[in-house]
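Protein chains in written order, with full-length UniProt numbering: chain R, 1 to 350; chain Y, 1 to 350; chain A, 1 to 350. Worksheet: one structure, shown below.
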Amino acid sequence: MFVKNAWYCAGWDKDLSLGRDGLLARRIAGESLVLYRRPDAAVVAMEDRCCHRHAPLSLGRKEGDSIRCMYHGMKFGPDGRCTEIPGMSRIPEKACVRTYPVVERDNWIWVWMGEPAKADPALICEAIGPGDPAWNLRLGYVRVDTNYRQEIANLADLSHVAWVHSQTLGGSDAWSNIKPRHELTERGIDTRYCVRRTPPPSFARHLFPEGALFDIQVHVRMSVPCNFILHFSVHEVGSATEGPTNGRLVLDTFSSQAVTPRDAHSCDYYYSWGCSRATDMPGLTDLMHEANNDAFLEDKAMLEGQYQRMRERPDAPSVDIVHDAGPGKLLWVLDRLLKAEARAIEIVPA
Amino acid sequence: MFVKNAWYCAGWDKDLSLGRDGLLARRIAGESLVLYRRPDAAVVAMEDRCCHRHAPLSLGRKEGDSIRCMYHGMKFGPDGRCTEIPGMSRIPEKACVRTYPVVERDNWIWVWMGEPAKADPALICEAIGPGDPAWNLRLGYVRVDTNYRQEIANLADLSHVAWVHSQTLGGSDAWSNIKPRHELTERGIDTRYCVRRTPPPSFARHLFPEGALFDIQVHVRMSVPCNFILHFSVHEVGSATEGPTNGRLVLDTFSSQAVTPRDAHSCDYYYSWGCSRATDMPGLTDLMHEANNDAFLEDKAMLEGQYQRMRERPDAPSVDIVHDAGPGKLLWVLDRLLKAEARAIEIVPA
Amino acid sequence: MFVKNAWYCAGWDKDLSLGRDGLLARRIAGESLVLYRRPDAAVVAMEDRCCHRHAPLSLGRKEGDSIRCMYHGMKFGPDGRCTEIPGMSRIPEKACVRTYPVVERDNWIWVWMGEPAKADPALICEAIGPGDPAWNLRLGYVRVDTNYRQEIANLADLSHVAWVHSQTLGGSDAWSNIKPRHELTERGIDTRYCVRRTPPPSFARHLFPEGALFDIQVHVRMSVPCNFILHFSVHEVGSATEGPTNGRLVLDTFSSQAVTPRDAHSCDYYYSWGCSRATDMPGLTDLMHEANNDAFLEDKAMLEGQYQRMRERPDAPSVDIVHDAGPGKLLWVLDRLLKAEARAIEIVPA
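Written out as structure tokens, the structure is:
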């Protein structure tokens, strides 16, 4: 169901304050976690379950670099070992809580849900964070009640922009006719294409004269499950009809996004979007942010409707179309990882 | 569970406008449908599921006599065949969506959920629609969260009027002592009786002098699943003690009703009720409509409470009483149809 | 799952008026009941299910000492026998509804869910009711969505007061270091201990000078499932370091509590709390009542969080600590009763 040896986004760095009650409860890939920041700012991720009687540690209290369960007062260090049981002098060997490797990068918090020894930060998708001085980024979040396979399939095929987002990010059928080139990477796909001679998106059409056209150069890197970056740069219409546009750059935009499955039926979707400071103008990033918030609610409505239909009749047949190439490749990578993990567990049973 | 070779009510004609977004999502007998009106006013009913990736077509858009899925833009004609896949020139053979036979009659929309070849409009229960100039009818709707067998059992035994509706449609124990004559028909029952010497119903008692009494002649035709008409005519008290009343007609009322199971646990209940224009007076049909709306919420509360108890203890025994004859006959007809369909599927496997 | 041969609390006497609509629907140990008061004030408890078609009798109407189902008008005497079926002259033998033994004591209504012949009122936990002139008691109620085993484990170990209730009933770690003496009784445990040299609880700290200390003498009697009384008496600090305090009595408080499982996932929790009139002062019992209401919501939050974690991963291991002795003994008594009932059913199959 879930790839465990993978980094999952648990939110933005701003979600974890140093405050005494700065405890963040998250559900990731079917497990309940609590995250908190130590006095030295390092982030701890633990199973959100006291080893005594399973009370949520997220209802607890931070004490120095430790967390105290507020049911019976058991205290756990940042390595998950119990260091105090009020009323007892001896701490049982087994009194500890599972911890998870954590990396903070690009203002994101990443948690490794599998074997700690395999937690290689090189597997985290490169991104641009809101702290990057070259970009003016806004942050957003939406919960989507679907299986994450549908969510990442949605994101791996932007031809849906023409339809789902016709009133926001879309506004022409140019998106229907894109010819993406998807290259397989170690854990995902790398996709490039140019949307040529397209009018401005619906949300920005009023800013331009009737008939204005642009080339949009797109570069998407996705790695399962499921972090990805979108680099959209808007150009004047160029003369090239194949390969990248050769029109002059007008606006450079960048989005970093992460889909974290909560469980089989629900995802957390984190996203940033904005313009390079070199090409931004006052109000533009905010306009784009409003449009994105609207658009991701359009996705949510479509994806939740789709998932309802899928659950009503799980064995209904489906017809493939040309735009399925991206989702197909990405889910193929995901399935390959899932199978490799299942095999590894078979060989070395837990 | 559900008879498939049957007409199910999908609502009133007024529920389907010619507007661009006039898409009606309905759940009928365990299937999800979308209905829309073509420019020539004909109604199309389709499975509410794009054949590509199962997105709901009810989140789509009408284009001429077609419907376009707004996930990836696939367009389907009124026969369910895909006629356009944006970005592709060839349409795969299998790209089509199931459609359902539809008949509009008596201002009602009827959908056939089984084999199209067997869709015989003669099987639709005769009714009087709100468009009939001889009657002054009002329309109502209530969703009831129960299995439809309980809903139709409720409707097939009007002795409950004395109790469930004591504050509205009832008001005397005359309804407890009715002796209905139920005749089996091809797909239901035909029931006649006279409620003799009964005071006016609670909702209308203030209109009459103390002690006023009437005969109410009742004729109910029910056909599974589950359309029915009720003809109540109010007469001055007559001298007959058996058979129809021979009192003078005072008020002629008519109700057409339909129960459409959504799934095993929920029904849509559509109803009209009103007076003949020959016997109506200003305000009377509205008074009756208010009382019916109240009464059907009384039914809803009772039926939902009953269903909760049934689910809590499905094997609890039950005692039969004299008033179960009508429900028993109707459910017998239903079970006969269900068994016949099950046998047919066994012989010719799908 | 549930001990059936046991008294369960169905609420306070004040919950059952003599009013015509004074029908109380309760769910107890997985069964649905209706309770009502006869004209002579005696309480009747019946299965909340008409024997005809399972309609809830709690939607019915009181008539003298009987209850009438308002679906088809069947009337049942206080012994559950049907005495009237409108429209029928003969009442079928089997037309009756199960009744349950009821005892009213200490302003509480107790219902026996098992074999009536075994309903021994001596098994009801002794309590002090709000009607007792020697005590000034307040009543409260909270629904907790957890399995009742977790609820009674919570109540059998008051070391949690130090943590869960640190802002209300707790306020010192004295509660973490209690050394309760649990004595097994026929159907529960009897627990005594002294909390020595403890500051006033958080909710009352402002009433005393800095550094004020007290001895709290605790006596708890619990019987499964699950009624219990807590007798807390507050004393000046005494010189005894073992056994009961020998300090002068300052305040005598008493709480009677009952946990009634609704089903596997939910409990009703009824409680009273207050001071002896001999030691009370104006406003004190109200202050304590407010603190208790707050505290029991703190328990609710912790218990519901714990139960969510337990359902997410039912096989997660757990580590025992010294404070588990009370809950362990109480659950041992419960399991012994559950096993005895299971054996009895095996020998004499129903």
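All residues carry an ideal CB built from backbone N, CA and C; glycine is no exception. Please read these numbers as outputs of a predicted model, since none were measured by experiment.
Inset, instruction - Check Phe-2 (chain R) in the structure and name its three-state DSSP category. - result: coil
Legend entry - Per-residue contacts from Pro-116 (chain R) into chain A (C-beta, under 8 Å): Here the premise fails: no neighbours, minimum Cβ distance about 19 Å.
Legend entry - Contact set between Arg-94 (chain Y) and chain R, taken where Cβ atoms lie within less than 8 Å: Here residue 94 (chain Y) is Lys; the residue named in the question, Arg, does not match the sequence. Neighbours of Lys-94 (chain Y) on chain R, chain order: Pro-317 and Val-319.
Inset, instruction - Kindly provide the ranges of any alpha helix (DSSP H) runs that are 4 or more residues long and lie completely inside the stretch 271-320 of chain Y, ordered along the chain. - result: 284-312
Legend entry - Below-7 Å beta-carbon distance, Cys-51 (chain Y) vs any chain R residue: yes
Legend entry - The alpha helix (DSSP H) enclosing Lys-14 (chain Y), as first and last residue numbers: Where Lys-14 (chain Y) is concerned, there is no enclosing alpha helix (DSSP H), given that its DSSP letter is neither H nor E.
Inset, instruction - Answer yes if the stretch 323-343 of chain R comes into contact with the stretch 62-69 of chain Y, meaning at least three C-beta pairs across the two stretches below 8 Å, and no otherwise. - result: no
Inset, instruction - Work out the CA separation of Asn-136 (chain A) and Cys-275 (chain A) for me, nearest whole Å. - result: 5 Å
Legend entry - Contact list for Glu-312 (chain Y) against chain A, beta-carbon separation under 7 Å: Ser-32
Legend entry - For Pro-133 (chain Y) and Arg-277 (chain Y), the rounded distance between their alpha carbons: 8 Å
Inset, instruction - Report the three-state DSSP secondary structure of Ala-45 (chain R) (helix, strand or coil). - result: strand
Inset, instruction - Please name the residue or residues paired with Tyr-8 (chain Y) in a DSSP beta bridge. - result: Y:Val-111
Inset, instruction - Please check if any C-beta of chain A sits within less than 7 Å of the C-beta of Trp-163 (chain Y). - result: yes
Legend entry - Best match in A:Gly-140, A:Gly-326, A:Arg-38 and A:Ile-216 for proximity to Thr-241 (chain A) [C-alpha to C-alpha]: A:Ile-216
Inset, instruction - For Met-222 (chain Y), write down the residues that DSSP places opposite it in a beta bridge. - result: Y:Ile-189 and Y:Phe-228
Legend entry - Neighbourhood of Gly-73 (chain R) by C-beta, 7 Å cutoff - its chain only, sequence neighbours within 5 removed: Pro-86
Inset, instruction - State the Cα-Cα distance for the pair Gly-170 (chain Y) and Arg-192 (chain Y), rounded to the nearest angstrom. - result: 18 Å
Legend entry - Touching by the beta-carbon criterion (3+ pairs, under 8 Å), the stretch 161-178 of chain R and the stretch 290-298 of chain R: yes
Legend entry - CB of Gln-306 (chain Y) within 7 Å of CB of His-54 (chain A), strictly: yes
Legend entry - Within-7 Å CB hit, Leu-59 (chain A) to chain Y: yes
Inset, instruction - Let me know the secondary structure DSSP gives Phe-208 (chain Y) once reduced to three states. - result: coil
Inset, instruction - Tell me, please, which residues DSSP counts as bridged to Cys-267 (chain A). - result: A:Val-144 and A:Pro-261
Legend entry - Proximity test, Cβ basis, 7 Å: His-160 (chain R) and chain Y: yes
Inset, instruction - Check Val-97 (chain R) in the structure and name its three-state DSSP category. - result: coil
Inset, instruction - Starting from the beta carbon of Asn-177 (chain A), find every residue of chain R whose beta carbon is closer than 9 Å, and list them in chain order. - result: Pro-86 and Gly-87
Legend entry - Delimiting residues of the beta strand (DSSP E) encompassing residue 352 (chain A): Since the first and last residues shown for chain A are 1 and 350, residue 352 (chain A) lies out of range.
Inset, instruction - Verify whether the separation of the beta carbon atoms of Phe-208 (chain Y) and Pro-200 (chain Y) is less than 7 Å. - result: yes
Legend entry - Cβ-Cβ separation, Cys-51 (chain A) to Ser-318 (chain Y) (assumed contact under 8 Å), whole Å: 7 Å
Inset, instruction - For the alpha helix (DSSP H) containing Ile-67 (chain R), list its first residue and its last residue. - result: It is not in any alpha helix (DSSP H) - Ile-67 (chain R) instead sits in the beta strand (DSSP E) that spans 66-68.
Inset, instruction - Give a yes or no on whether the minimum CB-CB distance between His-265 (chain R) and chain A is below 7 Å. - result: no
Inset, instruction - Hey, could you find the ends of the alpha helix (DSSP H) Leu-330 (chain A) is sitting in? - result: 325-347
Legend entry - Beta-ladder partner(s) of Ala-117 (chain R), from DSSP: Looking at the DSSP assignment, Ala-117 (chain R) forms no beta bridge with any residue, so it has no partner.
Legend entry - Own chain residues within Cβ distance below 7 Å of Ser-159 (chain Y), not counting five before or after: Trp-175, Ser-176, Ile-178 and His-323
Inset, instruction - Check the Cβ-Cβ distances between Gly-328 (chain R) and every residue of chain Y, and say whether any is below 7 Å. - result: no
Inset, instruction - Spell out whether any CB of chain R is found under 7 Å from the CB atom of Met-288 (chain Y). - result: no
Legend entry - Backbone secondary structure at Asn-136 (chain Y) - three-state DSSP: strand
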